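Taking it in order: structure first as structure tokens, then the write-up.
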Amino acid sequence: MKKCCLILLYFGKMPNYFPLFLKSCSCNPSFNWLIFTDDKTPYDYPENVKCEYTTFQNIKKKIQSEFDFPVFIETPYKLCDFRPAYGLVFADYLKDYRFWGYCDNDLIFGDMEYFLPDEFIEQYDKLFCLGHLVIFRNTEENNRLFMKYDWYKQAFTAKENVIFDECYNNCQNIHDIFLKEGKRVFEKDLSLNFKILSTPFVKITFQPETRTFETDDRESLYVWDSGKLYRYYMQENSLKKEEYLYIHLQERKMKYHPDLLSENRKKIIPNSFLPMETKEINERTFPKIKKKAFTLHLLEYHFKWKMRKLKRIFKI
Numbered sequence: 011m012k013k014c015c016l017i018l019l020y021f022g023k024m025p026n027y028f029p030l031f032l033k034s035c036s037c038n039p040s041f042n043w044l045i046f047t048d049d050k051t052p053y054d055y056p057e058n059v060k061c062e063y064t065t066f067q068n069i070k071k072k073i074q075s076e077f078d079f080p081v082f083i084e085t086p087y088k089l090c091d092f093r094p095a096y097g098l099v100f101a102d103y104l105k106d107y108r109f110w111g112y113c114d115n116d117l118i119f120g121d122m123e124y125f126l127p128d129e130f131i132e133q134y135d136k137l138f139c140l141g142h143l144v145i146f147r148n149t150e151e152n153n154r155l156f157m158k159y160d161w162y163k164q165a166f167t168a169k170e171n172v173i174f175d176e177c178y179n180n181c182q183n184i185h186d187i188f189l190k191e192g193k194r195v196f197e198k199d200l201s202l203n204f205k206i207l208s209t210p211f212v213k214i215t216f217q218p219e220t221r222t223f224e225t226d227d228r229e230s231l232y233v234w235d236s237g238k239l240y241r242y243y244m245q246e247n248s249l250k251k252e253e254y255l256y257i258h259l260q261e262r263k264m265k266y267h268p269d270l271l272s273e274n275r276k277k278i279i280p281n282s283f284l285p286m287e288t289k290e291i292n293e294r295t296f297p298k299i300k301k302k303a304f305t306l307h308l309l310e311y312h313f314k315w316k317m318r319k320l321k322r323i324f325k326i
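Sequential numbering of the sequence shown, starting at 11, is according to this note's numbering.
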């Protein structure tokens, strides 16, 4: 059987840097992606990424067909609450996989095989806590476990998103169900994740024991290099280098030029993907490398969420 299929549902225009998302997928051939979207831009999809063009209405009907009560899906964003049910809803697509999962499209993946080799993931029924990337063992029991409690009915009928797909800031979600049922769960946060309400990159790491985020605001350089994702920072006059599973850009607007796609190494700063200025990253060159940029992220974020709220109120 194949290893793992990650499902992504997205309706609307993909981020301008979506080609970089796809390139990072192509560097992980033992993983597959299944994308449902209405964006028919002719992207160069790699062999391990399958795109199914469909409509939001068709997906709503497909999800509704699995349940004997009326579900509420007024906007694409509400689909997040239904992600734990994808193993059931898209079972026909997943029958050849040992694992399946869901992910966001504002990610750039690092070396997934390095972090998630077969001998590691085979130990678990569920991997990760946060909704930007979650992986499940593909079994009938696991795929129906979201229905163990009435929490899913409350989530699927609520008008607002209740964050059923992850464990942050609530206690009635798919992660808590797996924990309550004694499933084997891997909770460590392996992502490069950032504060949402921060214009510069401020790294945050989820602590599952306390369900809080640990903040690290050290000046850092983030680099995607031939399929691997690194963070560089200075500590006691020494350059430190850490590798991560993926970077989560929190729906930031990012500048991206298509010529960059052919570059094997690129840096990621708060508003752009850019080529590296130097071949060597060391104690001498690190201070000279541009790591910051002026961006209106905070204002753009508030405007985006206010618009989403207005659309829900006036059903635009």
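Every residue gets a Cβ at the ideal spot worked out from N, C-alpha and C, and that includes glycine. These figures come from a predicted structure and were not determined experimentally.
Counting only runs that start and end within the region 247 to 315, where is the beta strand (DSSP E) found for 3 or more residues in a row?
248 to 254, 256 to 258, 275 to 279 and 282 to 285
Between Asp102 and the rest of its own chain, which residues show a CB-CB distance below 7 angstroms, the 5 nearest in sequence each way excluded?
Counting from 1 along the sequence shown, the entry for residue 102 is found at position 92. The answer is none, since no qualifying residue turns up.
Going by the CB atoms, is the gap between Phe216 and Asn115 shorter than 8 angstroms?
Taking the first residue of the sequence shown as 1, we reach residue 115 at position 105. Taking the first residue of the sequence shown as 1, we reach residue 216 at position 206. It is not a contact, given that the beta carbons lie outside the stated cut-off.
In its own chain, which residues sit with a C-beta less than 8 angstroms from the C-beta of Pro268, not counting the 5 before and 5 after it?
As a first step, residue 268 must be located in the sequence shown, where it is residue number 258. The answer, listed in chain order, is Pro29.
When you compare each of Ile278, Leu271, Glu246 and Glu253 to Leu259 by their alpha carbons, which one comes out closest?
Position 249 of the sequence shown, counted from the start, is the residue given in the question as residue 259. Comparing Cα positions, the closest option is Ile278.
With H, G and I counted as helix, E and B as strand and the rest as coil, what does DSSP make of Asn42?
Within the sequence shown, numbered from 1, the residue matching residue 42 stands at position 32. DSSP places Asn42 in strand when its eight states are reduced to three.
Host beta strand (DSSP E) of Ser230 (start-end):
As a first step, residue 230 is located in the sequence shown; it is residue number 220 there, counting from the start. Taken as a continuous stretch (DSSP letters only), the beta strand (DSSP E) holding Ser230 covers Ser230 to Asp235.
Classify Gly192: buried if its beta carbon has 16 or more other beta carbons within 10 angstroms, exposed otherwise.
The residue given as residue 192 occupies position 182 in the sequence shown. The residue is exposed, with fewer than 16 neighbouring Cβ atoms inside 10 Å.
Nonlocal neighbours in the same chain, by C-beta distance under 6 angstroms from Trp161, ignoring five residues either side:
Start at 1 with the first residue of the sequence shown, and residue 161 comes out as number 151. Here the set comprises Gln182.
Starting from the Cα of Pro285, find the closest Cα among Tyr134, Lys301 and Ile45 and give me that residue.
For this step, residue 285 is matched to residue 275 along the sequence shown. The shortest Cα separation from Pro285 among Tyr134, Lys301 and Ile45 belongs to Lys301.
Please classify Asp54 as buried or exposed, where buried requires at least 16 other C-beta atoms within 10 Å of its C-beta.
Your numbering for residue 54 matches position 44 in the sequence shown. By the neighbour-count rule (16 or more Cβ atoms within 10 Å), Asp54 is not buried but exposed.
By DSSP, does Phe174 sit in helix, in strand, or in coil?
Residue mapping note: residue 174 aligns to position 164 of the sequence shown, counting from 1. If DSSP states are grouped into helix, strand and coil, Phe174 belongs with coil.
Cα-Cα separation between Ile73 and Ser248, rounded to whole angstroms:
Within the sequence shown, the letter at position 63 stands for residue 73. Within the sequence shown, the letter at position 238 stands for residue 248. About 52 angstroms.
Pick from Ile69, Lys276, Met264 and Phe146: whose alpha carbon is nearest that of Ser34?
Counting from 1 along the sequence shown, the entry for residue 34 is found at position 24. The option with the nearest alpha carbon to Ser34 is Lys276.
So, for Leu104: in the same chain, excluding its five sequence neighbours on each side, which residues have a beta-carbon less than 7 angstroms away from its beta-carbon?
Numbered from its first residue, the sequence shown carries residue 104 at position 94. Correct list, in chain order: Cys15, Gly97, Trp110 and Asn148.
Short of 7 angstroms in beta carbon distance, which residues of its chain neighbour Tyr254, apart from the five on each side in sequence? Order them along the chain.
Counted from its first residue, the sequence shown places residue 254 at position 244. So the list reads Gly120, Leu200, Ser201, Leu202, Leu239 and Arg241, once near-sequence residues are dropped.
For the alpha helix (DSSP H) holding Tyr124, just list the boundary residues, first then last.
Taking the first residue of the sequence shown as position 1, residue 124 is located at position 114. Note, Tyr124: alpha helix (DSSP H), Met122 to Phe125.
Which one of Ser40, Phe41, Tyr243 and Leu89 has the shortest CA to CA distance from Thr47?
As a working note, residue 47 is residue 37 in the sequence shown. Cα-wise, what sits closest to Thr47 is Leu89.
Report the three-state DSSP secondary structure of Thr220 (helix, strand or coil).
Sequence index remark: in the sequence shown, residue 220 carries index 210 (1-based). In the structure shown, Thr220 sits in coil (DSSP, three-state: anything other than H, G, I, E or B).
Taking its Cβ as the centre, do 16 or more other Cβ atoms sit within 10 Å of Phe412, making it buried, or is it exposed?
Outside the displayed range of the chain (11 to 326) lies residue 412, so it cannot be described from this structure.
Between which two residues does the alpha helix (DSSP H) holding Lys88 run?
The count along the sequence shown starts at 1 and reaches residue 88 at position 78. Taken as a continuous stretch (DSSP letters only), Lys88 belongs to no alpha helix (DSSP H), as it is neither H nor E.
Starting from Gly22, follow its DSSP beta bridges and name the residues at the other end.
Looking up residue 22 in the sequence shown gives position 12. Its beta-bridge partners do not exist; DSSP assigns none.
Please look up how many angstroms separate the CB atoms of Glu224 and Ile214, rounded, as I've assumed it's under 8 angstroms.
Here residue 224 corresponds to residue number 214 of the sequence shown, with the count starting at 1. Here residue 214 corresponds to residue number 204 of the sequence shown, with the count starting at 1. About 7 angstroms separates the two Cβ atoms, so the contact holds.
Which residues DSSP lists as bridging Tyr107, in chain order
The count along the sequence shown starts at 1 and reaches residue 107 at position 97. BP columns for Tyr107 point to Lys12.
Taking Ile118 as the reference, which of Leu143, Ile131, Pro94 and Ala95 has the closest Cα?
Here residue 118 is taken as the residue at index 108 of the sequence shown, counted from 1. Checking every option, the nearest Cα to that of Ile118 belongs to Leu143.
Measure the Cβ-Cβ separation of Asp91 and Asp175 and say whether it is below 8 angstroms.
Here residue 91 corresponds to residue number 81 of the sequence shown, with the count starting at 1. Here residue 175 corresponds to residue number 165 of the sequence shown, with the count starting at 1. Result yes, Cβ atoms of Asp91 and Asp175 sit closer than 8 angstroms.
Following the continuous alpha helix (DSSP H) through Val59, name the residue where it begins and the one where it ends.
Here residue 59 is taken as the residue at index 49 of the sequence shown, counted from 1. That residue, Val59, is in no alpha helix (DSSP H); its beta strand (DSSP E) goes Val59 to Tyr63.
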